[in-house]
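I have placed the structure first, in the form of structure tokens, so that the comments after it can refer back to it.
Residue numbers (our numbering), protein chains in the order written: chain A, 15 to 294; chain B, 8 to 280.
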């Protein structure tokens with residue numbers, strides 16, 4: 015009871031609760047919650063059988079697989095390079111480090127459509143990099159490799175910026191102790207440093223993966239939109255909308271929303287578990 | 008000796024990755040924009056449709072950033088300065104736009120305000136247009152960038168604690184005075200950082216805007232959409248010329264971001280002292 019009263023009092027000391035809460039809830043409801051609920055509302059005319067038929071259509075299933083596969087591979091590659099970049103930015107001093115650090119956020123700052131057309135041109139058969147690969151018979155633009163490259167581009171900052179602050183705060187005496195005790199450099203990294211940065215890496219992985227699943231602007235150009243081959247899920251939604259097939263578009267959107275929530279939720283659980291293990 | 012070798016190898020690997028993945032695409036834009044000479048470049052930029060698209064992009068960005076800053080300031084105040092039931096849940100709700108595909112963000116506004124939407128008859132009666140018009144573009148942009156400012160502020164303000172604000176309130180300061188004199192000096196760099204990120208995303212948003220805009224040239228075309236049209240019509244040079252405007256803006260945003268981050272870190276370490 016006393017705690018309750020103290021808490022009430024504490025709440026009352028600082029002014030502005032009603033105002034700030036009111037503005038927060040009003041904007042959140044108008045911009046995010048009510049429009050999102052419309053997804054379910056507008057599906058009320060669709061029977062479950064129709065819904066199921068739409069979301070398990072062969073073309074749609076292929077699109078899920080393309081989105082999932084490319085985002086997963088891109089996020090894994092970004093985990094590797096993200097940790098590597100965070101490591102060299104925090105631990106080593108070399109000329110150009112500040113510039114390298116500054117460039118990491120470029121994918122956030124550059125509009126996705128600009129990134130999309132630049133990557134498509136660069137990796138097409140006549141582009142600077144695409145030409146080299148065309149010689150050895152590998153096509154990149156308009157294939158799954160192209161989609162993966164666009165998603166790597168988009169996802170770079172997520173892992174680097176999640177891991178970097180953790181590395182900066184990490185106490186180096188444990189590493190020094192491991193080295194003095196005779197552990198090799200790589201063993202020290204994998205046994206001492208890696209467990210510490212693992213939760214942050216998972217956060218970065220989850221953000222990059224979720225962003226990859228939903229990404230449209232940078233992928234749409236390089237994907238080439240070939241049905242049953244390089245169509246990604248957001249693209250299917252757009253093409254259904256262009257045919258005024260609102261129910262179809264909404265059904266697939268709902269599936270995507272559920273899917274991305276499941277991923278974020280399971281990553282949260284995984285992270286909590288990793289945290290527990292490393293803390294003990 | 009071996010340590011030196013490993014560190015140089017890692018640095019080279021990281022630098023090559025950034026060069027190939029980020030810097031080469033940037034150079035591609037500039038090289039293709041200028042490959043048919045300065046004249047073609049200038050005429051593509053001076054094209055009236057491009058200028059109209061730039062204006063719309065700037066308008067959408069300004070409105071979005073203003074509203075999202077208000078949202079960020081008030082929501083971070085509510086979440087970090089008070090304890091209430093469902094606080095964690097509210098924080099999660101604010102993050103929803105990050106978890107959702109921009110295409111779906113556009114779709115939801117079509118479902119509310121479009122021809123099949125439940126608000127359509129009301130809009131018709133008052134001769135308002137949201138979808139395939141400017142308000143829709145702005146709404147979709149706000150949706151996508153809603154969490155940026157509040158996500159920067161909440162952890163900063165939580166780390167700061169409430170003591171100073173409580174003291175000021177007990178001495179009789181009003182809410183806005185407390186915010187201006189006590190809270191703001193601590194979080195100003197974080198606030199600026201969030202605004203910069205929000206601006207960058209708002210100017211570049213493509214998927215959400217593409218769904219609600221209807222691609223009416225000169226009316227509801229933002230710069231990223233204009234680039235898409237030019238590219239799909241095989242006007243490569245023009246597409247890259249217009250893109251180079253956005254590249255220049257992106258680089259300015261990056262430089263600003265780095266300055267703000269540096270100042271913020273400096274201010275942070277002075278706070279500790």
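Note that CB positions come from ideal geometry on N, CA and C, so glycine has one too.
Using a cut-off of 7 Å between C-beta atoms, extract the partners of residue i located in chain B.
| i | result |
| --- | --- |
| residue 27 of chain A | 173, 176, 177 |
| residue 267 of chain A | 111, 114 |
| residue 274 of chain A | 106, 107 |
| residue 126 of chain A | 211, 213 |
| residue 13 of chain A | Nothing about residue 13 of chain A can be read from this structure; chain A reaches only from 15 to 294. |
| residue 271 of chain A | 107, 111 |
| residue 278 of chain A | 106 |
Report the residue from the options whose alpha carbon sits nearest the alpha carbon of residue i.
| i | options | result |
| --- | --- | --- |
| residue 60 of chain B | B/235, B/170, B/263, B/241 | B/235 |
| residue 120 of chain B | A/96, A/49, A/111 | A/49 |
| residue 106 of chain B | A/57, A/281, A/127, A/254 | A/281 |
| residue 35 of chain B | A/253, A/103, A/142, A/54 | A/142 |
| residue 283 of chain A | A/57, A/220, A/94 | A/220 |
| residue 55 of chain B | B/125, B/225, B/20, B/15 | B/225 |
| residue 38 of chain B | B/267, B/248, B/265, B/262 | B/248 |
| residue 79 of chain B | B/109, B/154, B/46 | B/154 |
| residue 29 of chain A | B/182, B/261, B/275 | B/182 |
| residue 180 of chain A | A/66, A/47, A/207 | A/207 |
| residue 274 of chain B | B/259, B/214, B/192, B/215 | B/192 |
| residue 224 of chain A | A/274, A/110, A/90 | A/274 |
| residue 238 of chain B | A/169, A/133, A/187 | A/133 |
| residue 136 of chain B | B/172, B/221, B/30, B/164 | B/221 |
| residue 123 of chain A | B/276, B/29, B/17 | B/29 |
| residue 83 of chain B | B/272, B/158, B/32 | B/158 |
| residue 254 of chain B | A/107, A/127, A/88 | A/127 |
| residue 42 of chain A | B/152, B/266, B/177 | B/152 |
| residue 32 of chain B | A/125, A/95, A/87 | A/125 |
| residue 173 of chain A | A/81, A/90, A/140, A/146 | A/90 |
| residue 251 of chain A | A/193, A/260, A/240 | A/260 |
| residue 250 of chain B | B/118, B/174, B/48 | B/48 |
For the putative contact between residue i and residue j, defined by C-beta atoms under 8 Å, what is the C-beta separation to the nearest angstrom?
| i | j | result |
| --- | --- | --- |
| residue 118 of chain A | residue 265 of chain A | That belief does not hold up - the Cβ atoms of residue 118 of chain A and residue 265 of chain A are roughly 38 Å apart, past 8 Å. |
| residue 52 of chain A | residue 115 of chain B | 6 Å |
| residue 216 of chain A | residue 288 of chain A | 7 Å |
| residue 111 of chain B | residue 271 of chain A | 6 Å |
| residue 137 of chain A | residue 154 of chain A | 4 Å |
| residue 97 of chain A | residue 211 of chain A | 7 Å |
| residue 160 of chain B | residue 194 of chain B | 6 Å |
| residue 209 of chain A | residue 167 of chain A | The pair is not a contact, with the Cβ atoms about 29 Å apart (cut-off 8 Å). |
| residue 286 of chain A | residue 233 of chain A | Actually they are not in contact, since the Cβ atoms of residue 286 of chain A and residue 233 of chain A sit about 31 Å apart, beyond 8 Å. |
| residue 109 of chain B | residue 257 of chain B | With a Cβ gap of about 18 Å, residue 109 of chain B and residue 257 of chain B do not count as contacting. |
| residue 104 of chain B | residue 276 of chain A | Contact doesn't hold; Cβ gap of about 18 Å is too wide. |
| residue 161 of chain A | residue 236 of chain A | 6 Å |
| residue 239 of chain A | residue 170 of chain A | Actually they do not touch by this definition, with Cβ atoms about 25 Å apart. |
In chain B, which residues lie less than 8 Å from residue i when you measure between Cβ atoms?
| i | result |
| --- | --- |
| residue 67 of chain A | By Cβ distance, chain B contributes nothing, its closest Cβ being about 20 Å from residue 67 of chain A, past 8 Å. |
| residue 218 of chain A | Ordered by position in chain B, no residue passes the 8 Å Cβ test against residue 218 of chain A, which lies about 13 Å from the chain. |
| residue 78 of chain A | Correct list: empty, because the minimum Cβ distance to chain B is about 13 Å. |
Name the chain A residues whose beta carbon is nearer than 7 Å to that of residue i?
| i | result |
| --- | --- |
| residue 28 of chain B | 166, 167, 170 |
| residue 291 of chain B | Residue 291 of chain B lies beyond the range of chain B shown here (8 to 280); nothing can be said about it. |
| residue 192 of chain B | Within 7 Å Cβ-Cβ: nothing; residue 192 of chain B doesn't reach chain A, min ~17 Å. |
Could you list which residues in chain A have their beta carbon closer than 8 Å to that of residue i, in chain order?
| i | result |
| --- | --- |
| residue 181 of chain B | 29 |
| residue 261 of chain B | 116, 117, 119, 120, 123 |
| residue 45 of chain B | Here the premise fails: no neighbours, minimum Cβ distance about 20 Å. |
Show which residues of chain B have a CB atom less than 9 Å away from the CB atom of residue i.
| i | result |
| --- | --- |
| residue 13 of chain A | The question about residue 13 of chain A has no answer here: the residues shown for chain A are numbered 15 through 294. |
Any C-beta of chain C sitting closer than 8 Å to the C-beta of residue i?
| i | result |
| --- | --- |
| residue 253 of chain A | Absent here is chain C; the protein component of the structure consists of chains A and B. |
Could you list which residues in chain A have their beta carbon closer than 9 Å to that of residue i, in chain order?
| i | result |
| --- | --- |
| residue 129 of chain B | The contacting residues do not exist; residue 129 of chain B stays about 14 Å from chain A at best. |
| residue 14 of chain B | 102, 105, 106, 108 |
| residue 24 of chain B | 95, 98, 99, 170 |
| residue 125 of chain B | 52, 55, 56 |
Following a CB-centred definition, is residue i positioned closer than 7 Å to any heavy atom of the ligand GDP?
| i | result |
| --- | --- |
| residue 236 of chain A | Absence of the ligand GDP is noted for the structure shown, with no ligands found whatsoever. |
Quiz item: Is the region 65 to 77 of chain A close to the region 223 to 236 of chain A, with three or more CB pairs under 8 Å?
Solution: Result no; under three Cβ-Cβ pairs closer than 8 Å.
Quiz item: Three or more beta-carbon pairs under 8 Å between the region 199 to 218 of chain B and the region 229 to 243 of chain B, yes or no?
Solution: Output reads yes: the region 229 to 243 of chain B touches the region 199 to 218 of chain B.
Exercise. May I ask you to list, following chain order, the residues of the region 178 to 203 of chain A that have a beta carbon less than 9 Å from some beta carbon of chain B?
Key: Against chain B - using a Cβ distance shorter than 9 Å - the residues of the region 178 to 203 of chain A are 199, 200.
Quiz prompt | Short-range partners of chain B found in the region 46 to 59 of chain A, where Cβ spacing is below 8 Å | solution = Within the region 46 to 59 of chain A, the residues whose Cβ lies closer than 8 Å to some Cβ of chain B are 46, 47, 48, 49, 50, 52, 53, 55, 56, listed in chain order.
Quiz item: Does the pairing of the region 237 to 244 of chain B with the region 180 to 193 of chain B give three or more beta-carbon distances under 8 Å?
Solution: The answer is no - the region 180 to 193 of chain B does not touch the region 237 to 244 of chain B, with fewer than three Cβ pairs under 8 Å.
Quiz item: What residues in the region 128 to 161 of chain A bring their beta carbon closer than 9 Å to a beta carbon of chain B?
Solution: Cβ contacts with chain B come from 128, 129, 130, 131, 132, 133, 134, 135, 136, 141, 142, 143.
Practice problem: Taking 8 Å as the threshold, find out whether the region 71 to 78 of chain B comes into contact with the region 135 to 149 of chain B through three or more Cβ pairs. | Solution: Touching, per the Cβ criterion.
Self-check item: chain A contacts from the region 62 to 76 of chain B (Cβ-Cβ distance under 8 Å)
Solution: Of all residues in the region 62 to 76 of chain B, only 74 place a beta-carbon less than 8 Å from a beta-carbon of chain A.
Self-check item: Touching by the beta-carbon criterion (3+ pairs, under 8 Å), the region 122 to 141 of chain B and the region 60 to 68 of chain A
Solution: Here the region 122 to 141 of chain B does not lie against the region 60 to 68 of chain A, with fewer than 3 beta-carbon pairs under 8 Å apart.
Exercise. Give the residues from the region 32 to 45 of chain A that approach chain B closer than 7 Å (Cβ to any Cβ), ordered along the chain.
Key: Residues 34, 35, 37, 38, 41, 42, 45.
Self-check item: Members of the region 32 to 56 of chain B near chain A, C-beta cut-off 8 Å
Solution: Taking 8 Å as the cut-off between beta carbons, the residues of the region 32 to 56 of chain B near chain A are 32, 33, 35, 36, 39, in sequence order.
Self-check item: Residues in the region 220 to 249 of chain A having any Cβ partner in chain B nearer than 9 Å
Solution: Within the region 220 to 249 of chain A, the residues whose Cβ lies closer than 9 Å to any Cβ of chain B are, in chain order, 221, 224, 225, 227, 228, 229, 230, 231, 232, 234, 235, 247, 248, 249.
Self-check item: Short-range partners of chain A found in the region 135 to 164 of chain B, where Cβ spacing is below 8 Å
Solution: Result list: 146, 149, 150, 153.
Quiz prompt | Members of the region 78 to 89 of chain B near chain A, C-beta cut-off 9 Å | solution = So the close ones are 78, 80, 81, 82, 83, 84, 85, 86, 88, 89.
Quiz item: If you measure beta-carbon to beta-carbon, which residues of the region 215 to 244 of chain B are closer than 8 Å to chain A?
Solution: Result list: 217, 218, 230, 231, 232, 234, 235, 238, 243.
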